[in-house]
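**Student:** So the protein lines, in turn, are chains H and D.
For what it's worth, the numbering used here labels the leading residue of the first sequence as 17, then goes sequentially.
For what it's worth, the numbering used here labels the leading residue of the second sequence as 4, then goes sequentially.
Note that CB positions come from ideal geometry on N, CA and C, so glycine has one too.
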Amino acid sequence: MREIKLLLRKDLLILLNNIKLILRNPLRLLPYAAVIGYFLFIYWLRLGSGDETSTPEIPELDTNGVPLPNFSFQNIIGGVTILALMFLFFQLYRATKKNVSFFKMADVNLLFTAPVKPENLLIYYMGRSILPSLGGAVLFTFYGLSQAADRLDLGFWNLFFTVLSVGFFFFLIQPIRFLVYTLHTKYGILEYIKSGVVFLAILLGGMILIPGLMAEKFWQGMFSWIASPWFDLFPIVGWSRGIMSYWSHQNWLLSSAFVGLYCLFYFVVLKLVIQFSGYYYEDVLEATKSNEEQLEKVRGKKEVDEGTYSLNSKKQLALPDFGPGAQAFYWRNYIHASRQDFHPLFGIYSLIMVGLGILFAVLSLFDWFSHIVIYFYLIILIILYFLAGTGRANIGDLKKPFFYLIPASWGSKFWNMIKLDLVQLTLFCTVLIVPTVLIAGLDWLVIPGFLIGILAFYLTGLGINLIPQIGLDEGWDRVLIKPLMIGGIILFGLIPAGLTSIFAFVITNQFVWALLTLSVGMSFIALILIHVTLDILKRLEFKEL
Amino acid sequence: MLIVNNLIKKYGKQNAVDDISFELQGGEVVGLLGPNGAGKSTTMKCIVGLLRKTSGEITLGGYDHLTVEAKRLFSYIPETPYVYDLLTVREHLQFIAQAYNVKDWKKKGDDLLELFELNDKADKLGRDLSKGMRQKVSICCALLPDPQVLFFDEPMIGLDPKAIKNTRQVFRELKNQGKTILVSTHLIDSVETIADRIMILKDGRIIGNDSIANLKMQAEQGAGVSLEDLFLELTKDA
């Protein structure tokens, strides 16, 4: 118990210091006040308009005059349950790869070597982890219910059981992951977990397929088993649903019984963790350090790692030189891209996005989807690459001293820095758009329109972030002028191009002309921004983090 | 005071520490030297219980190194000084005093803060400290419980020259008080003047474990050879 007291006192001191920090700078509370204000506004809006008496829904009847089940409600419950189950299985599988950690590196350095019992530390920290889960659950509940506040009874017990249901679900996942990792490191149960996940997936697949095939229409029956009340007994996901079912039956005893199941389960998991984790310090070291590094990245203390999403980081390469001077950057990017994905020019992410595009095209060919879905997909891709362009200035060569030291002209350095991006982008877009246009029978002009548009948006994104970074010194001018500069580019560049494009659409009522107009307009803006970038690039200076 | 017998630490199939045995007598100051990746930090982390040993025995004052009794005897100063972001420097000392059950810690804490010139930073939060200051806090925390054995893992990294001088002074004072110290370091000269014995690690094995004078004789070098020359001679690839 000495350890619990010690940690409780430490956490109280931390809480006090946090309060002092807030009192010293109450402006820190502004984002929270904004969130509360948003919730109050939404609830006021919804509850204010909720006076109209709503007519009770009359259930549909079958041929014998028996009321049919509410299929849409059943599918919503089933769909949410499936999503929660997938999340749970994914977490279980992940647990065999990487442990969770309840600790900070300061705990590792100061507590793990102190004369304290490891199991007491674990009990305290594991128990304490319910606080963020409950906090998150409160936010989730208030946000989730805000849109339907006028149609729901927001009584205390309804909200109480909803918060408990969500909070317990997320809280229990961490100790279970800890237990799975511990068992895996001790007994190597990865294969069992994998088999278990596959077995459960087949079982759940069957539970969707069988009732679906038995029903008159597949979609009417597919979730009839999973959404039925007996599924509430399924561990964790079912229990959470059972607690939340207070909304429908208003029986606190029944929902409390599910809370009791959770408590019992937590007690068992805790006992098992204490029994099997043993001297667990090494097991949590890597996860603790990695959590700490993530936290530092979020706080901006550490540079965003280029290799964060690397799929092929251990690949051995023996690539010949591409040439002297600035071409070294192209070579460096090529090597990086080779380790980032399975091929430097066309990788798995590109393949997935191309696959999606072609899938939409095939579905639209059989009239399952309208062309609008494809157009929206293309617009989303353009926006994504615009955002990728804005992020490009924050990582990679510009953040390394070599960009400044290598003897070559600034223009050639810049070109070699973005060359691979442009090659990748052109290749990806061609492989995506050509078959999509041919299969879906779109206007062939969509091909050049999309290709030019996405390249122009990417370069515009790059320029928008790069020019203020180079052109403005560190300090207030950057803070104040950067938004103005970006606002100017948007006001006199993006908005006119967008408006012209909308105008073209209104006149022709065809997406292809809107796209072409937008692409041509954005090309002008991209060219201007690249010209300005090249003009001021020599003023770029290295900023050590 | 410290006995390490046949310690092995494996990462997968690779032996990071390869069957090493050594002892530290009470009051001895021993420098643990070796090139990068030699296994110095891993050895130290195994001893203090942060890493699980694959096999072998480690005892401190006659107790198994993982017992609470053994942990009362030592302190550890890690290479990277992590502190609690939202505890002040003084609160760190208070926290350690509770963890190690140190009575009347305030006077001693103040003395340590003064020695490491942290007295004006006593009310600063951990997150507002530079890396060097965090290292100083880490050393103060380690010294507060007045342990019998101290494990320093690269203690000079990130310290300013004055703090390095003070740390050397602390080493000397601790040695005079009869404390047992194991220091892992790259900065050979930081232990040359105070170490009773040097252990040189390479590829997870101890390739030299003796007083500096004896090691020099073993390496068949003449007099006047520095510890650095000796270190490079012993750790060079065959």
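Bridge partners of D:E60, per DSSP?
**Tutor:** D:N8
**Student:** D:D156 bridges to which residues according to DSSP?
**Tutor:** D:S187
**Student:** 8 angstroms is my cut-off, CB to CB: does H:F119 come that close to chain D?
**Tutor:** no
**Student:** Tell me, please, whether the CB atom of D:L69 is closer than 8 angstroms to any CB atom in chain H?
**Tutor:** Cβ-Cβ to chain H under 8 angstroms: yes for D:L69.
**Student:** Locate the alpha helix (DSSP H) running through D:V20, then write down its first and last residues.
**Tutor:** Not the alpha helix (DSSP H): D:V20 falls in the beta strand (DSSP E), residues 17-27.
**Student:** With distances taken Cα to Cα, identify the nearest neighbour of D:K205 among D:Y14, D:I11, D:A19, D:L10.
**Tutor:** The residue among D:Y14, D:I11, D:A19, D:L10 with its C-alpha nearest the C-alpha of D:K205 is D:A19.
**Student:** Excluding five sequence neighbours on each side, which residues of the same chain lie with their C-beta closer than 8 angstroms to the C-beta of H:Y393?
**Tutor:** The beta carbon of H:Y393 sits closer than 8 angstroms to those of L372, G373, F376, all from its chain and outside the five residues before and after it, given in chain order.
**Student:** Going by DSSP, which residues form a beta bridge with D:M202?
**Tutor:** Answer is D:L35, D:N212.
**Student:** Using DSSP with H/G/I as helix, E/B as strand and the rest coil, what is H:K114?
**Tutor:** coil
**Student:** Check each candidate in H:A424, H:S386, H:L39, H:M260 and name the one with the smallest Cα separation from H:F185.
**Tutor:** Minimum Cα-Cα distance from H:F185 among the listed residues H:A424, H:S386, H:L39, H:M260 corresponds to H:M260.
**Student:** Report the residues of the region 129-149 of chain H with a CB closer than 7 angstroms to any CB of chain D, ordered along the chain.
**Tutor:** Listed in sequence order: T129, A130, P131, V132, K133.
**Student:** Less than 8 angstroms between CB atoms is the rule here; does H:R25 satisfy it with respect to chain D?
**Tutor:** Using a CB distance cut-off of 8 angstroms, H:R25 counts as an interface residue toward chain D.
**Student:** So which residues on chain D does H:E302 lean against when the C-beta distance must stay under 7 angstroms?
**Tutor:** Neighbours of H:E302 on chain D: none; closest Cβ ~11 angstroms, over 7 angstroms.
**Student:** H:K36 by DSSP, collapsed to three states: which one?
**Tutor:** helix
**Student:** Closer than 8 angstroms, Cβ to any Cβ of chain D: which residues of the region 200-213 of chain H, in chain order?
**Tutor:** none
**Student:** Any Cβ of chain D within less than 8 angstroms of the Cβ of H:E232?
**Tutor:** no
**Student:** Within 10 angstroms of its Cβ, does D:E157 collect 16 or more other Cβ (buried), or is it exposed?
**Tutor:** buried
**Student:** Going by CA-CA distance only, name the one from H:S293, H:Y391, H:Q356, H:W263 that's closest to H:V116.
**Tutor:** Nearest of H:S293, H:Y391, H:Q356, H:W263 to H:V116, Cα basis: H:S293.
**Student:** Count the C-beta pairs between the region 59-71 of chain D and the region 100-116 of chain D that are closer than 8 angstroms, then say yes if the count reaches three, no if not.
**Tutor:** no
**Student:** Taking the DSSP output, what are the residues bridged to D:F77?
**Tutor:** D:F77 is bridged by DSSP to D:V152.
**Student:** Any Cβ of chain D within less than 8 angstroms of the Cβ of H:I30?
**Tutor:** The beta carbon of H:I30 falls within 8 angstroms of a beta carbon belonging to chain D, placing the residue at that interface.
**Student:** Taking 6 angstroms as the limit between beta carbons, can you name the residues of its chain near H:S428, skipping five residues before and five after?
**Tutor:** So the qualifying residues of the chain are A342.
**Student:** Rounded to whole angstroms, what is the Cα-Cα separation between H:G407 and D:D22?
**Tutor:** 49 angstroms
**Student:** Starting from the beta carbon of D:G52, find every residue of chain H whose beta carbon is closer than 8 angstroms, and list them in chain order.
**Tutor:** F128, T129, Y295, Y297
**Student:** How should D:N39 be labelled, buried or exposed, when 16 other C-beta atoms within 10 angstroms of its C-beta is the threshold for buried?
**Tutor:** exposed
**Student:** Pair every Cβ in the region 194-205 of chain H with every Cβ in the region 280-295 of chain H, then say whether three or more of these pairs are closer than 8 angstroms.
**Tutor:** yes
**Student:** Per the contact definition of three or more C-beta pairs closer than 8 angstroms, is the region 83-99 of chain H in contact with the region 229-244 of chain H?
**Tutor:** yes
**Student:** What are the start and end residues of the alpha helix (DSSP H) that includes H:A273?
**Tutor:** Here the alpha helix (DSSP H) through H:A273 covers 268-293.
**Student:** Between the Cα of D:A145 and the Cα atoms of D:G207, D:R75, D:A125, which residue gives the shortest distance?
**Tutor:** Per the Cα distances, D:R75.
**Student:** Could you check whether the region 209-219 of chain H touches the region 125-141 of chain H, counting it as contact only if at least three pairs of C-beta atoms, one from each stretch, sit closer than 8 angstroms?
**Tutor:** no
**Student:** Straight-line CA distance for D:T57 to D:Y14?
**Tutor:** 9 angstroms
**Student:** Please check if any C-beta of chain H sits within less than 8 angstroms of the C-beta of D:R55.
**Tutor:** Under the Cβ criterion of 8 angstroms, D:R55 is counted among the residues facing chain H.
**Student:** Give the DSSP-derived three-state secondary structure of H:E560 in the structure shown.
**Tutor:** With a pLDDT of only 47 at H:E560, under 50, the local geometry of the prediction cannot be trusted, and no value is derived from it.
**Student:** Ends of the alpha helix (DSSP H) at H:L532?
**Tutor:** 527-552
**Student:** Just how far apart, CA to CA, sit D:I99 and H:E298?
**Tutor:** 22 angstroms
**Student:** Taking beta-carbon pairs under 9 angstroms, can you tell me which members of the region 88-113 of chain D lie near chain H?
**Tutor:** Answer in chain order: D88, L89, L90, T91, E94, H95, Q97, F98, I99, Q101, A102, Y103, N104.
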